[in-house]
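Asks:
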Amino acid sequence: MKSIILFLYTFILPIISINENTDITINKKFRDLGKVTAGSILVERYYLTNNTSTNIKILKVNPECSCTDFHVSSYEIMPHDSIYIELTVDTTHKQGNQTIYTIVKTNTKTSMHKLALKVFVNSKDN
Amino acid sequence: MKTNLIYFFIFLFCLTGCTQNNLDKKNYFATVKNHPPLNQIRSIDLQAFHLDQIESSYVAFLDINKNNILLIDKKFCYVFFFDKDGHFIKRELGQGQGPHELMTGMIDGYAKIDTSRYFFIGGGNDCHLYNNEFEIQNRYIINKGERKGKANYEKPWIYTLSYEHLLMKNHGEYLYYTVFSEYDDMNFIDSPSEYFIKAHYLCKMNINSGKVENILGKYSSIYDEKKELKQFSFINFDINNIGNFYISFEADSLIYEYDINFLPIKSYGYAGNNMKNADRVLSTFSDFREYYEISRNNSGYYTNIKYINETELLFRCYTRGYKDLEDGLQIYKNGILLGDIDVPKGFKILGYIAPYYYATSGIDEENEIVKIFKFKI
Numbered sequence: 010m011k012s013i014i015l016f017l018y019t020f021i022l023p024i025i026s027i028n029e030n031t032d033i034t035i036n037k038k039f040r041d042l043g044k045v046t047a048g049s050i051l052v053e054r055y056y057l058t059n060n061t062s063t064n065i066k067i068l069k070v071n072p073e074c075s076c077t078d079f080h081v082s083s084y085e086i087m088p089h090d091s092i093y094i095e096l097t098v099d100t101t102h103k104q105g106n107q108t109i110y111t112i113v114k115t116n117t118k119t120s121m122h123k124l125a126l127k128v129f130v131n132s133k134d135n
Numbered sequence: 008m009k010t011n012l013i014y015f016f017i018f019l020f021c022l023t024g025c026t027q028n029n030l031d032k033k034n035y036f037a038t039v040k041n042h043p044p045l046n047q048i049r050s051i052d053l054q055a056f057h058l059d060q061i062e063s064s065y066v067a068f069l070d071i072n073k074n075n076i077l078l079i080d081k082k083f084c085y086v087f088f089f090d091k092d093g094h095f096i097k098r099e100l101g102q103g104q105g106p107h108e109l110m111t112g113m114i115d116g117y118a119k120i121d122t123s124r125y126f127f128i129g130g131g132n133d134c135h136l137y138n139n140e141f142e143i144q145n146r147y148i149i150n151k152g153e154r155k156g157k158a159n160y161e162k163p164w165i166y167t168l169s170y171e172h173l174l175m176k177n178h179g180e181y182l183y184y185t186v187f188s189e190y191d192d193m194n195f196i197d198s199p200s201e202y203f204i205k206a207h208y209l210c211k212m213n214i215n216s217g218k219v220e221n222i223l224g225k226y227s228s229i230y231d232e233k234k235e236l237k238q239f240s241f242i243n244f245d246i247n248n249i250g251n252f253y254i255s256f257e258a259d260s261l262i263y264e265y266d267i268n269f270l271p272i273k274s275y276g277y278a279g280n281n282m283k284n285a286d287r288v289l290s291t292f293s294d295f296r297e298y299y300e301i302s303r304n305n306s307g308y309y310t311n312i313k314y315i316n317e318t319e320l321l322f323r324c325y326t327r328g329y330k331d332l333e334d335g336l337q338i339y340k341n342g343i344l345l346g347d348i349d350v351p352k353g354f355k356i357l358g359y360i361a362p363y364y365y366a367t368s369g370i371d372e373e374n375e376i377v378k379i380f381k382f383k384i
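Given below as structure tokens:
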């Protein structure tokens, strides 16, 4: 019995722990693009890397603003591989400080991820 | 002759209407009574620390409840609990349809209800009430009453939640939250003179039914007098444990106290140190689109107010304007100013866990850092 517990502590629990805590990394999920002119179309690509040994699924990509369109290179991320989500933001009708959010859901313990794009939109007249 | 008489009566009617409105408004404010400031508190020793790193959007409300620091994640709909030193304890809720989840896309407003329940509001006026174990107790949409008759400032349905500066506080079975009107001509850009005399800024909603039972408060007369203050018309407020309200307008140095029935008790307050005056009059929507943020960044105004029941101290923070590296904090007791001191920019009092007061200078979203301060007085 003791040896089973020891086996669990030594081999199984660390694996679970790794899967739970370091499932996905996103390269720079908060980006500040500085000043842009109203009407500019912004295209940003976010890479998501699977740090686990199992496949990860992208369940949902949810831009909060109707100004944002998205493209996902693959809805499944293989172990230790990466995919990208490309956001296209239309800044027409925007003005001043804007932070545009897109929420991504995955089938991992940390199931929610934020992609943020901060800009200061100048009017065309300036 | 007949026509002249009609004109005369119309004139008289208008005159009575205006006078009545002004009289009504005067009834909302107690006479100002300022005691000499004591200046007992000249500085505070701030002990800074960070909350433990968590998997959060870092777009969040911060609060103190009992002995915990709470981070309410607006985007992911989680509630994170930390101990009084900022160490992570547990996570509750999250988006979803289950009994322990929050069925909304995003949290726009939050209030703790009598320290043992939690209230959240989503983007569609959808309200969600949870018990202490984060089990759903009630869900409903805010009921502002039937949209009938002509719109006027006494109809709750003309008001919308003040999303940019939404404050929600509870007392008893009611939730009080900040509102404004963007209804047709009944808004502070198109008709500021009328708006700042007639409009209300606070809704009183029954937390069990979601029914708006009253609309409260009238704007300070400073907004009638100074046209350059329109862009500083958000309200800050708090409620103490016997139901008294503490109201602070962004542009007004006075603090207005009201009782549980919103009858005025007293008015007092001193202007913050070295606050830069607003210098730009914004008149049109176009002006607001262009200069609103610039004007707010460059000018001084009062940013938040917090009453601590345990020590009966009232804290009010203010920003001085863009170039100043520090904000100000005023500390009042029974209407007397005990001190006006420099604090870090974005300073906001969160609450009290004896013997410390807790505050924050905001959330650094990019670097995912939540800075907390604690101090004694």
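Which chain is which? The protein sequence lines are H and W, in order. Reading the first sequence from the start, the letters are residues 10 to 135 in the numbering used here. Reading the second sequence from the start, the letters are residues 8 to 384 in the numbering used here. Each residue gets a CB set at the ideal place from its N, CA and C atoms; glycine is no exception. On a predicted model such as this, the values are computed, not experimentally measured, just so you know.
1) List the residues of chain H whose Cβ lies closer than 7 Å to the Cβ of W:Lys82, in chain order.
2) Exposed or buried, W:Lys225, counting other C-beta atoms within 10 Å across all chains shown (16 or more means buried)?
3) Near W:Glu99, what residues of its chain come up, given a Cβ to Cβ distance below 6 Å and the 5 sequence neighbours on each side ignored?
4) Would you please verify whether the beta carbon of W:Glu171 is less than 7 Å from any beta carbon of chain H?
5) Taking all protein chains shown into account, decide if W:Leu344 is buried (16 or more other Cβ within 10 angstroms of its Cβ) or exposed.
6) What does DSSP give as the partner residues of W:Cys324 in its beta bridges?
7) Can you tell me whether W:Gln102 is helix, strand or coil according to DSSP?
8) Which residues of chain H have a Cβ atom closer than 9 Å to the Cβ of W:Ser64, listed in chain order?
9) At a CB distance below 8 Å, what residues from the segment 28 to 60 of chain H approach chain W? Give them in sequence order.
10) Compare the beta carbon distance of W:Arg323 and W:Gly307 with 7 Å and say whether it is the shorter of the two.
11) With a threshold of 16 other CB atoms inside 10 Å of the CB of W:His42, please say whether the residue is buried or exposed.
12) For W:Asp266 versus W:Lys313, is the C-beta spacing smaller than 7 Å?
13) On the three-state DSSP scale, how would you describe W:Lys119?
14) Please confirm if W:Arg296 has its CB atom under 7 Å from at least one CB of chain A.
15) Helix, strand or coil for W:Arg146 per DSSP?
16) Establish whether the CB of W:Glu373 and some CB of chain H are separated by less than 7 Å.
17) Among W:Tyr202, W:Tyr359, W:Lys82, W:Tyr298, which one has its Cα closest to the Cα of W:Asn72?
18) Tell me which residues of the segment 62 to 84 of chain H have at least one Cβ-Cβ distance to chain W shorter than 8 Å, keeping chain order.
19) Taking 7 Å as the CB-CB cut-off, is W:Glu108 touching chain H?
20) Is H:Asn116 close to chain W? Criterion is C-beta to C-beta, closer than 7 Å.
21) Near W:Tyr35, what residues of its chain come up, given a Cβ to Cβ distance below 6 Å and the 5 sequence neighbours on each side ignored?
22) Leaving out five residues on either side along the sequence, give the residues of the same chain with a beta carbon under 8 Å from the beta carbon of W:Lys340.
23) Counting contacts by CB-CB distance shorter than 7 Å, is W:Glu300 in contact with chain H?
24) Please decide whether H:Gln107 counts as near chain W, where near means a Cβ-Cβ distance under 7 Å.
25) Would you give the residue range spanned by the beta strand (DSSP E) that W:Ser302 belongs to?
26) Under three-state DSSP, which class holds W:Asp70?
27) How would you call W:Tyr365, buried or exposed, if buried means at least 16 neighbouring beta carbons within 10 angstroms?
28) Report yes or no: do three or more beta-carbon pairs, one from the segment 207 to 219 of chain W and one from the segment 284 to 293 of chain W, lie closer than 8 Å?
Replies: For this structure:
1) Residue numbering aside, residue 82 of chain W sits at position 75 when the second sequence is read from its first letter. Per Cβ cutoff of 7 Å: Tyr110, Ile112, Lys123.
2) By 1-based counting over the second sequence, the position of residue 225 of chain W is 218. That one is buried.
3) The residue you call residue 99 of chain W lines up with position 92 of the second sequence. Once the five neighbours on either side are set aside, the close Cβ partners of W:Glu99 are Val86, Phe141.
4) Numbered from 1 along the second sequence, position 164 holds the residue referred to as residue 171 of chain W. So, not an interface residue.
5) Here the question's residue 344 of chain W lines up with position 337 in the second sequence. Per the 10 Å Cβ criterion, buried.
6) Position 317 of the second sequence, counting from 1, holds the residue named residue 324 of chain W. BP columns for W:Cys324 point to W:Asn311, W:Leu336.
7) Counted from its first residue, the second sequence places residue 102 of chain W at position 95. Three-state DSSP puts W:Gln102 in a strand.
8) Taking the first residue of the second sequence as position 1, residue 64 of chain W is located at position 57. Residues of chain H passing the Cβ test: Tyr110, Ile112, Met121, His122, Lys123, Ala125.
9) Phe39, Asp41
10) Reading the second sequence from its first residue, position 316 is the one you call residue 323 of chain W. Reading the second sequence from its first residue, position 300 is the one you call residue 307 of chain W. The answer is no: Cβ separation not under 7 Å.
11) In the second sequence, the residue the question calls residue 42 of chain W occupies position 35. Exposed, because fewer than 16 other Cβ atoms sit within 10 Å of the Cβ of W:His42.
12) On the second sequence, position 259 is the one that residue 266 of chain W refers to. On the second sequence, position 306 is the one that residue 313 of chain W refers to. No, the Cβ-Cβ distance between W:Asp266 and W:Lys313 is not below 7 Å.
13) Residue 119 of chain W sits at position 112 when you count from the first residue of the second sequence. It is a strand residue.
14) Chain labels in this structure do not include chain A; the protein chains are H and W.
15) Counting from one through the second sequence, the residue named residue 146 of chain W turns up at place 139. DSSP places W:Arg146 in strand when its eight states are reduced to three.
16) Taking the second sequence and counting its residues from 1, the one referred to as residue 373 of chain W is at position 366. Closer than 7 Å to some Cβ of chain H, the Cβ of W:Glu373 qualifies, so yes.
17) As a position in the second sequence, residue 72 of chain W is number 65, starting the count at 1. Of the listed residues, the one whose Cα sits closest to W:Asn72 is W:Tyr359.
18) Asn71, Glu73
19) The count along the second sequence starts at 1 and reaches residue 108 of chain W at position 101. Chain H, which has no Cβ nearer than 7 Å to the Cβ of W:Glu108, makes this no.
20) Position 107 of the first sequence, counted from the start, is the residue given in the question as residue 116 of chain H. No - not a single Cβ of chain W is within 7 Å of the one on H:Asn116.
21) As a first step, residue 35 of chain W must be located in the second sequence, where it is residue number 28. Taken in chain order, the residues that qualify are Lys225.
22) Position 333 of the second sequence, counting from 1, holds the residue named residue 340 of chain W. Only Glu319, Leu320, Leu321 meet the Cβ criterion.
23) Here residue 300 of chain W refers to the residue found at position 293 of the second sequence. Judged by the 7 Å Cβ criterion, W:Glu300 is in contact with chain H.
24) Here the question's residue 107 of chain H lines up with position 98 in the first sequence. Put simply, the CB of H:Gln107 is far from chain W, with every gap to its CB atoms at 7 Å or more.
25) Locating residue 302 of chain W in the second sequence gives position 295, where the first residue counts as 1. No beta strand (DSSP E) contains W:Ser302, which is instead part of the alpha helix (DSSP H) from 292 to 305.
26) In the second sequence, residue 70 of chain W corresponds to position 63, counting from 1. W:Asp70: strand per DSSP, three-state reduction.
27) Within the second sequence, numbered from 1, the residue matching residue 365 of chain W stands at position 358. The residue is buried, with at least 16 neighbouring Cβ atoms inside 10 Å.
28) Because the criterion of three Cβ pairs below 8 Å is not met, the segment 207 to 219 of chain W and the segment 284 to 293 of chain W do not touch.
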